[in-house]
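Colleague: Chains as they are written, first to last, in our numbering: chain A, 811 to 1342; chain B, 5 to 251. Note that beta-carbon positions come from the ideal geometry of N, C-alpha and C, so glycine has one too. Since we're looking at a predicted model, the values are computed, not measured.
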């Protein structure tokens, strides 16, 4: 190892999520002599992992032999699927779409799975570094990706070096596997730098919010999975709720909304809280207690928006690439599978070259291709979307066309435009009553005196343009109340409460002027999700 | 001179601590765990003393399940020279830990034992003083400044009426307050070096302790605070305070 302070590995993985750890485990099993390091921005493994999550367990069986005998903190086989269309007063049971049948699937906590995968990887000799975020790419002399520089620690608010300043080291590797999850900051930069999205559909996203509850004894029906569409969303907005009944009277409940929604006044947090108060659900929570809460964006662009998965010196896997299967509302098996596939490719060829084709030809790539038109079909609203989904499912995706995506940050209507009436709001009584209380259940830790990691290119636009045209939607779409317009003697200005940030990335995606950039804060900052 | 530092694995300060539904303990599954912050300060102080050339070796010890090795590896990455893990599946009370540390003191012969003033899980603050008593050596608790002069030391401690300065002979026991120092960031290369440093595991049985145990019958959450009220005027505030007999 050269003594310029940099670290060298054969393969560097960015992000200890399902994709990154599956890649590291598979690679180390195939080539024990290769050195593999994994960087993770969370202070401990799984602390930033948030997912439904009902998973197809095949790849877990492959990666963690015997895992079913030693259950994760949350591990409940699905016994019943339900699908409902909600109006404000009723739940209408619909036939469960074929893509959403969960026979043989398992409800888990992604955080718990990640901790188990991490232990497995470490036992194989993978070096995992929690609390260290990959901040900027390093380049080789030939312009290939050559690793990353880890973020500095101990900088003060103004960017200067504080008394405990510790510069981030360079971690170099001939191959870097980018597995940061949805809207990763490095992935975003690399896709732009190498033009990996050239000729593809625009990427699209959703925002998911989730809570874990301890219910009063006897309220939970372990293994029941409910998905809903309709209320409280207007029909023009894509999204819906999920309710997963766990063992030990626990319940996972969440809400996902497509970030291509139009109404600048829309608040995903408020929609989720309304959903919990639906007459068919509210009774579940009586005498219960909320345990933890969080939010995370999802990548929904599907096959059409899938960037080229390889670049000189690197490759993209999992949600950093965009492998989530939207009609199944499942990303974990795709993340694990793409990580495994990447490792097998690297073990075989030693180079990222050819991985894009290998993925597209694999069963995973074909699975994504088959459902490529379903999510874009909801551009016209709920019912045309459901009709198109039925057609696409019946024809198994064989239609010769690929429907277009629409860019999320361009989708807002000006606040003055006529809009369909919003569904009537219910009076809320269940905690958390506001977003600060919600963030409290994410157990954030964030050194207050560090530089603001939500970089607004021109805060003047917020006041001079956005306020009038859209009414500052950032103050509503952020589930953690990071953005606030405060008015003092000098007039209104944008205030950024960075310590509230739960790293969902919605602002980086949805801000209508594309001026907000999320960069990793000091390593170890952010939420400490317990079993989300 | 050697310095012995005791560290405890605790639920991280950022976590909302919850009771188990049957109220026999607190929920630890899926919960982030860390080195007790006061113990991290104790380790930082020991490292600074060693870096000033006033000590030769920093030994870090923890008592608990196999999982405490994660915290011991962090301590080694911060800069401790070696670690001792006393393995037990049970949560031990301070008297047990003080006896274990006393036995290790006899074996290692440190000039200084530094501990956090208390652990943020049970807030007992007993282990340091109990060790000093068992060992028959001076103690300085809640220390916010520490200087060594040959075979003696001077400690400043924060007390209710101001600052108290103690002079005492070594070896001694010191427990640390928040203001003593700010622990350093761990560097990635040091995490790798820590993997090569010695970490020795010993079963609790090897200490041959036979001490009484306390049994926890039940835990209760603190009573919930009632919501506050908002008053419009000072006059209303005074009226409300009178109504409640507060003034």
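Could you have a look at residue 248/B and say whether DSSP puts it in helix, strand or coil?
Modeller: Annotated three-state conformation of residue 248/B is coil, per DSSP.
Colleague: How many angstroms separate the CA atom of residue 1330/A from the CA atom of residue 1280/A?
Modeller: Between residue 1330/A and residue 1280/A, the alpha-carbon positions lie close to 27 Å from each other.
Colleague: Nearest by alpha-carbon distance to residue 1337/A: which of 828/A, 1152/A and 1308/A is it?
Modeller: 1308/A
Colleague: Just to confirm the assignment, what range does the beta strand (DSSP E) spanning residue 1065/A have?
Modeller: DSSP places residue 1065/A inside the beta strand (DSSP E), whose first and last residues are 1060–1068.
Colleague: If you run the structure through DSSP and keep just helix, strand and coil, what is residue 904/A?
Modeller: strand
Colleague: Mind pulling the alpha helix (DSSP H) runs of 4 or more residues that sit fully within the segment 111–160 of chain B?
Modeller: List check, alpha helix (DSSP H) in window: 131–139.
Colleague: Three-state secondary structure (DSSP) at residue 1248/A?
Modeller: Assignment of residue 1248/A by DSSP, reduced to helix, strand and coil, places it in the helix class.
Colleague: Using a Cβ-Cβ distance cut-off of 7 Å, determine whether residue 229/B contacts chain A.
Modeller: No, residue 229/B does not count as interfacial toward chain A.
Colleague: Using a Cβ cut-off of 7 Å (strictly closer), state whether residue 1285/A contacts chain B.
Modeller: Residue 1285/A does not count as touching chain B.
Colleague: Name the one or two DSSP bridge partners that residue 892/A has.
Modeller: 1036/A
Colleague: How far does the beta strand (DSSP E) with residue 172/B in it extend, from its first residue to its last?
Modeller: 166–173
Colleague: Could you give the distance in angstroms between the alpha-carbon of residue 1255/A and the alpha-carbon of residue 216/B?
Modeller: 39 Å
Colleague: With a Cβ-Cβ cutoff of 7 Å, do residue 163/B and residue 149/B count as a contact?
Modeller: no
Colleague: Which residues, taken in chain order from the segment 21–33 of chain B, show a beta carbon closer than 9 Å to some beta carbon of chain A?
Modeller: Answer set for the segment 21–33 of chain B: 22, 25, 31 and 33.
Colleague: For residue 24/B, which residues does DSSP report across the bridge?
Modeller: Answer is none; residue 24/B lacks a bridge partner.
Colleague: In three-state terms, what does DSSP make of residue 1166/A?
Modeller: Looking at residue 1166/A - three-state DSSP - the assignment turns out to be helix.
Colleague: Nearest chain A C-beta to residue 238/B closer than 7 Å, yes or no?
Modeller: no
Colleague: Quick one: give me the first and last residue of the alpha helix (DSSP H) that residue 1318/A is part of.
Modeller: 1316–1320
Colleague: Any C-beta of chain A within less than 9 Å: which residues of the segment 180–204 of chain B qualify?
Modeller: Residues 186, 187, 188, 189, 190, 191, 192, 193, 195, 196 and 199.
Colleague: Using 7 Å as the limit for Cβ to Cβ distance, is residue 1106/A near chain B?
Modeller: no
Colleague: Below 6 Å CB to CB, which residues in the same chain sit around residue 1268/A once its five sequence neighbours on both sides are set aside?
Modeller: 1325
Colleague: To the nearest angstrom, report how far apart residue 895/A and residue 1046/A are at their CA atoms.
Modeller: Their backbone Cα atoms lie some 14 Å apart in a straight line.
Colleague: Return the first residue and the last residue of the alpha helix (DSSP H) that residue 1285/A is part of.
Modeller: 1284–1287
Colleague: Reducing DSSP to helix, strand and coil, say where residue 1014/A ends up.
Modeller: coil
Colleague: Should the segment 1139–1156 of chain A be called in touch with the segment 852–866 of chain A, which here means at least 3 C-beta pairs below 8 Å?
Modeller: yes
Colleague: What do you reckon, are the CB atoms on residue 1120/A and residue 1165/A nearer than 7 Å?
Modeller: yes
Colleague: For a cutoff of 7 Å on Cβ pairs, would you count residue 156/B as touching chain A?
Modeller: no
Colleague: Per DSSP, what are the beta-bridge partners of residue 1298/A in this structure?
Modeller: For residue 1298/A, which the question treats as bridged, DSSP gives the partners 1301/A.
Colleague: Would residue 986/A and residue 955/A be called neighbours here (beta carbons separated by less than 7 Å)?
Modeller: yes
Colleague: Chain B partners of residue 1024/A, CB-CB under 7 Å?
Modeller: 25
Colleague: DSSP three-state label for residue 819/A, please.
Modeller: coil
Colleague: How would you call residue 40/B, buried or exposed, if buried means at least 16 neighbouring beta carbons within 10 angstroms?
Modeller: buried
Colleague: Just to check my reading of the structure: residue 48/B and residue 6/B have Cβ atoms closer than 8 Å, yes? What is that Cβ distance to the nearest angstrom?
Modeller: At roughly 17 Å, the Cβ-Cβ gap does not stay under 8 Å, so residue 48/B and residue 6/B are not in contact.
Colleague: Below 6 Å CB to CB, which residues in the same chain sit around residue 822/A once its five sequence neighbours on both sides are set aside?
Modeller: Contacts found: 847, 957, 981, 983 and 986.
Colleague: Using a Cβ distance threshold of 8 Å, determine whether the segment 1098–1113 of chain A contacts the segment 986–1006 of chain A, with at least three qualifying pairs required.
Modeller: yes
Colleague: Tell me the rounded alpha-carbon separation between residue 179/B and residue 143/B.
Modeller: Cα to Cα, residue 179/B sits roughly 8 Å from residue 143/B.
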